[in-house]
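Visitor: What follows is a structure written as structure tokens; I'll ask about it next.
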Amino acid sequence: MSSYILRRMVLLVPVLIGVAIIVFGMVRLLPGDPAVAMAGVHATPEYIAQVRANLGLDEPIHVQFGVFIRRLIRGDLGISTRTNRPAVVEIWPRFLNTLSLTFISLIIASFFGILVGVISATRPYSLLDNVTMVFSLFGVAAPVFWLGLILMLIFSVRLGWLPSSGMGTPQHFVLPAVTLAAHSTALIARMTRSSMLEVLNMDYIVTARSKGLMERVVVVKHALRNALIPIVTILGLRFGMLLGGAVLTETVFSWPGVGRLMVDSILARDYPVVQGSVLLLALLFVLINLFVDILYAFLDPQIQYG
Amino acid sequence: MKKKILGFVVLVMAFSLLFSNSLGVMAQEPQEGGDLRIAIGADPESLDPLYAQSSPAAMVMVHMMETLFEMTPDGDIVPLLAEDYDVSDDGLVYDLYLREGVEFHDGEPFNAEAVKFNLERLLDQGAVYSFLIDAITEIEVIDEYTIRIATDEPFAPILAHLSHDFISMISPAAIDADDPSQDAGENIVGTGPFKMDGWNRGEAVLMTRNDDYWGDNAYVDTFSVLIVPEESTRVVMLETGEAHAIMNVPARDVSRLEENPDLTVENVPSLRTLYVGLNNHREPFDDVRVRKAMNYAVDSEAIVEHIIDGAGRPSDAPISPDIFGYSGQEIYQHNPDRARELLAEAGYEDGLEVEFYYPVGRYPMDQTISQAIQSQLADVGIDANMTTMEWATYLEVVGGNEPEDVEHDMYFLGWGTVTGDADYGLYALFHSDEWAPYGNNWHFGDHEGVDELLHEARITPDPDIRQDLYAEAIELIWDDAPWIFLHSISQLNGVRNEVAGLIHHPREHIEAKRAYFIND
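Protein chains in written order, with UniProt numbering: chain A, 1 to 306; chain B, 1 to 520.
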């Protein structure tokens, strides 16, 4: 097991190098000059040339790549061209904000998703099942932008219960986290339902029931545990999706997260910040995948790692 | 040539403020206290004058830092940290007399040394906006409160340039002497009515009142600028009271907000004018008849009325009315028949095809306006092929090429005459030395007589003579129709009625220096 984890950790290095190359290439393939973007409409050509030189953008592309990789190895992401501060300082606090929002969304999504899914699966095709499935269809289909504004109109403007945007108090988390979680909750609910339905028809469930076990024990201990594998897979994937999907939620709710930072940075051609953010997200994504893979073994002892 | 006029202007302004009350509320004694919050759309990139370059940054900075001169909302340049000045007869040497007894927030004295330090830092470290003052060749401390600046050639707009928000004075003690290029924006130490209290990037800039301010203290205890990129969210915050004022209300929300008795929407002219530049350097726009036809074909009044819901003013000059040197011309009335006639005269009776580049999301309703222009041109037989690209790319493509290499015939753009002086709005855009890619004359205009007038106006210190020179230049430019003149844009700001005394400045910011809460 530990050798498997170690091997997977080592494999992270080529993956991240691959990501670094792709990100480096992609931002430079974008048309538009970061020096012009930085200097603005009113700048003189001399000033733009000077900015370009300061940024090292007058060097050939392979030289720039060499500098980028050498710095990366030292953990230096460069200086933001938009704000003149180290890219790490720009990214890290924003990243933590996104992470906390994503994490809470994931908790909401998995709690309600699994709860609703299990309830639906135990009463298939009942009125309750149909109603929750209609809601989850709605959850999957509703655009984040629209949902966020509607929730804001109801809970901030009409009822005045919750702050509409920004961060600070726990109440500030409610609307953005619910908005961000809506899609995943619905998806997890549907996934749980179908996975549970499959398991509930198995022979050993019949056995468990015929032993006279309480229905709750049968459902939670015998069925759910075995239905969890696909659910955990989807949870892991959703975490990555939530990180990426936070861009819109962050914009609607003025959440100072890394998603918004990336959009701003792309528009300003702020290469160091774009590269750094993507690398950090990629790193987190592969770590989560690794974590999910390891979790399988705990859920299903039949899964072996060689 | 002692100038006491400026002081007089201030007096007149102060009186006119005393006797007017823009809200129409019964005159009420402003009260101290309260926490004021204003929401804007973008995070400042920096608050250090060395690196700041956007209007969101300026909007925050003007509350903590001050400039030597200041531009009033009416466009007059009046003293601020400088009390008065003398200019030599040849227009080359300015002696600035500084206000005495002013202290920075850290207790350091504001004096001639501090001014010298700030101007030199901006010039030596290559500030984004250093071009505003790079005409200055000599900065000399005469005594504690007198500083002399000199230029090699007379440069009349210098006071307007010194009034620019990015030529603000900050405490020399707050700058790392070993590395003056270090961004000091994290902890700004200025002389303004508010002190910096914190900056959560992407979220808010927090300020508290400076109780030792040299002028009249601010009324509110704290002032926060909230960063809220989504315009619908800003509107919601205004309605819930989470923000007391917001910038850039979307035009579609205006009528709904106006029905709300708690709110007011202010329509504030800005210094920004929108236009469609025509490539004057080659066919078909090297012919003034074709360029005029374009102006007759496009209905700028309809665009203002129907597309931006009145949040603008149809152009009657290449610069907007609040700018020094403006003089209004006779607008090109929408007249498709006249346009077709002119095209036929120029040999294009069978119509013509042009490449039209435009940005999306940079200016209010830019895409819709571009499409309207396209259809109005189609009406007179001009077929415009539309190309758009994202802003950073757009700038490079439209303004980064030699005249031989450009592919577009016309391009949609705006220009903010941020100094409030016609020199900045006209010289950069119409002087033939300023052709792209070296300058901002991206339409490659070479208008007869204009170069000389613009130069003359730049080196003449007398404002009255300058005014006349600009009037003449604007008339020539207008008649040469190098652009399709569209409109100067207004900003729509939303304000809750419990707040009074906000100043909506044409430089695209809301000022809270004298704002207060009205108690019911």
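Heads up, the beta-carbon is just placed ideally off N, CA and C, and yes, glycines get one too.
Remember, it's a predicted structure, so these values are computed and weren't measured experimentally.
Can you give me the C-alpha to C-alpha distance between Asp-409 (chain B) and Asn-279 (chain B), rounded to a whole angstrom?
Guide: Those two C-alpha atoms are separated by around 5 Å.
Visitor: Closest Cβ-Cβ distance between Ser-165 (chain A) and chain B: below 7 Å?
Guide: Cβ-Cβ to chain B under 7 Å: yes for Ser-165 (chain A).
Visitor: Taking the alpha-carbon positions, what's the Pro-31 (chain A) to Val-23 (chain A) distance?
Guide: So the alpha carbons of these two residues sit roughly 15 Å apart.
Visitor: Considering only the beta carbon of each residue, do Ser-488 (chain B) and Thr-273 (chain B) sit closer than 7 Å?
Guide: Against a cut-off of 7 Å, the Cβ pair of Thr-273 (chain B) and Ser-488 (chain B) comes out as a contact.
Visitor: Which of helix, strand or coil does DSSP assign to Asp-451 (chain B)?
Guide: If DSSP states are grouped into helix, strand and coil, Asp-451 (chain B) belongs with the helices.
Visitor: Taking 7 Å as the threshold (C-beta atoms), are Met-38 (chain A) and Val-19 (chain A) in contact?
Guide: No, the pair does not count as a contact, with Cβ atoms beyond the cut-off.
Visitor: Measure the C-alpha to C-alpha separation of Lys-211 (chain A) and Trp-255 (chain A) and round it to an integer number of angstroms.
Guide: If you take the alpha carbons of Lys-211 (chain A) and Trp-255 (chain A), they lie about 53 Å apart.
Visitor: Between B:Gly-241, B:Ala-251, B:Arg-340 and B:His-281, which has its C-alpha nearest Ile-307 (chain B)'s C-alpha?
Guide: For the residues B:Gly-241, B:Ala-251, B:Arg-340 and B:His-281, the minimum Cα distance to Ile-307 (chain B) belongs to B:Ala-251.
Visitor: From the DSSP output, read off the bridge partner residues of His-505 (chain B).
Guide: Paired residue(s): B:His-509.
Visitor: Nearest-angstrom Cα distance between Asn-295 (chain B) and Ala-481 (chain B)?
Guide: So the alpha carbons of these two residues sit roughly 7 Å apart.
Visitor: State yes or no: is the beta carbon of Asn-84 (chain A) nearer than 7 Å to at least one beta carbon in chain B?
Guide: Interface residue, yes.
Visitor: Using only CA atoms, which one of B:Gly-449, B:Val-450 and B:Val-418 lies nearest to Gln-53 (chain B)?
Guide: Nearest of B:Gly-449, B:Val-450 and B:Val-418 to Gln-53 (chain B), Cα basis: B:Val-418.
Visitor: Report the residue ranges of all beta strand (DSSP E) runs contained in full by the stretch 286-352 of chain B; include only those spanning at least 3 residues, in chain order.
Guide: Listed in chain order, the complete beta strand (DSSP E) runs (minimum 3 residues) inside the stretch 286-352 of chain B are 312-314.
Visitor: To which residues does DSSP link Gly-202 (chain B) through a beta bridge?
Guide: Gly-202 (chain B) pairs with nothing; no bridge assigned.
Visitor: Can you give me the Cβ contacts of Ala-35 (chain A) inside the same chain, cut-off strictly under 7 Å, excluding the 5 residues immediately before and after it?
Guide: Correct list, in chain order: Ile-48, Val-51, Arg-52, Leu-55 and Leu-57.
Visitor: Within 10 Å of its beta-carbon, does Glu-230 (chain B) have 16 or more other beta-carbons around it, so buried, or fewer, so exposed?
Guide: It is buried - the Cβ of Glu-230 (chain B) has at least 16 other Cβ atoms within 10 Å.
Visitor: Give me the subset of the stretch 172-203 of chain A whose CB atoms are less than 7 Å from a CB atom of chain B, sorted by chain position.
Guide: Per Cβ criterion, the list is empty.
Visitor: How about Asp-398 (chain B) and Tyr-357 (chain B): are their beta carbons less than 7 Å apart?
Guide: Going by the sequence as given, residue 398 (chain B) is Val instead of Asp. Yes, the Cβ-Cβ distance between Val-398 (chain B) and Tyr-357 (chain B) is below 7 Å.
Visitor: Starting from the beta carbon of Asp-183 (chain B), find every residue of chain A whose beta carbon is closer than 7 Å, and list them in chain order.
Guide: Correct list: Asn-84 and Arg-85.
Visitor: Give me, in chain order, the residues of the same chain whose beta-carbon lies closer than 7 Å to that of Ser-255 (chain B); leave out the 5 immediate sequence neighbours on both sides.
Guide: Hits under 7 Å: none found.
Visitor: Closest to Ser-130 (chain B) by C-alpha separation, out of B:Ile-142, B:Leu-50 and B:Gly-101, would be which residue?
Guide: Nearest of B:Ile-142, B:Leu-50 and B:Gly-101 to Ser-130 (chain B), Cα basis: B:Leu-50.
Visitor: Looking only at its own chain, which residues have a Cβ that is under 8 Å from the Cβ of Val-25 (chain B), when we skip the five neighbours before and after it?
Guide: Legend: pLDDT at Val-25 (chain B) = 46, less than 50; position of this residue unreliable, value from coordinates given subsequently. Here the set comprises Ala-500 and Ile-518.
Visitor: How would you write the range of the beta strand (DSSP E) that Met-389 (chain B) sits in, first residue to last?
Guide: Here the beta strand (DSSP E) through Met-389 (chain B) covers 382-389.
Visitor: Could you give the distance in angstroms between the alpha-carbon of Leu-23 (chain B) and the alpha-carbon of Val-495 (chain B)?
Guide: Because Leu-23 (chain B) carries a pLDDT of 45, less than 50, the predicted location of this residue cannot be relied on, and the following value inherits that uncertainty. C-alpha separation (whole angstroms): 11 Å.
Visitor: Compare the C-beta of Gly-202 (chain B) against all C-beta atoms of chain A and say whether one is closer than 7 Å.
Guide: Chain A contact via Cβ: present.
Visitor: I need the DSSP call for Phe-104 (chain B), collapsed to helix, strand or coil.
Guide: Phe-104 (chain B) falls in the coil class under three-state DSSP.
Visitor: Just tell me which of B:Val-450, B:Asp-468, B:Asp-262 and B:Glu-32 has its CA closest to the CA of Asn-217 (chain B).
Guide: For Asn-217 (chain B), the nearest C-alpha among the options comes from B:Glu-32.
Visitor: Leaving out five residues on either side along the sequence, give the residues of the same chain with a beta carbon under 7 Å from the beta carbon of Leu-81 (chain B).
Guide: So the qualifying residues of the chain are Glu-66, Thr-67, Leu-68, Leu-98, Arg-99, Val-102, Phe-110, Met-169 and Thr-191.
Visitor: What is the DSSP secondary structure of Pro-261 (chain B), counted as helix, strand or coil?
Guide: The answer is coil: DSSP assigns Pro-261 (chain B) none of H, G, I, E or B.
Visitor: Does the CB of Phe-444 (chain B) have a neighbour CB from chain A at under 7 Å?
Guide: Closer than 7 Å: no.
Visitor: Indicate whether Ser-164 (chain A) and Met-237 (chain B) have their beta-carbon atoms separated by less than 7 Å.
Guide: Cβ atoms of Ser-164 (chain A) and Met-237 (chain B): closer than 7 Å.
Visitor: Please classify Ile-158 (chain B): is it buried, with 16 or more other beta-carbons within 10 angstroms of its beta-carbon, or exposed?
Guide: When all chains shown are included, Ile-158 (chain B) counts as buried.
Visitor: Under 7 Å, do Trp-161 (chain A) and Phe-155 (chain A) count as touching if we go by C-beta distance?
Guide: A contact, by the Cβ cut-off of 7 Å.
Visitor: From Gly-310 (chain B) to Gly-276 (chain A), what distance separates their C-alpha atoms?
Guide: Straight-line Cα distance between these residues: approximately 43 Å.
Visitor: Please list the residues of the stretch 39-63 of chain B that have a C-beta atom closer than 7 Å to any C-beta atom in chain A, keeping them in chain order.
Guide: Those would be Glu-45, Ser-46, Tyr-51 and Gln-53, in chain order.
Visitor: For His-161 (chain B), which three-state DSSP category applies?
Guide: DSSP places His-161 (chain B) in helix when its eight states are reduced to three.
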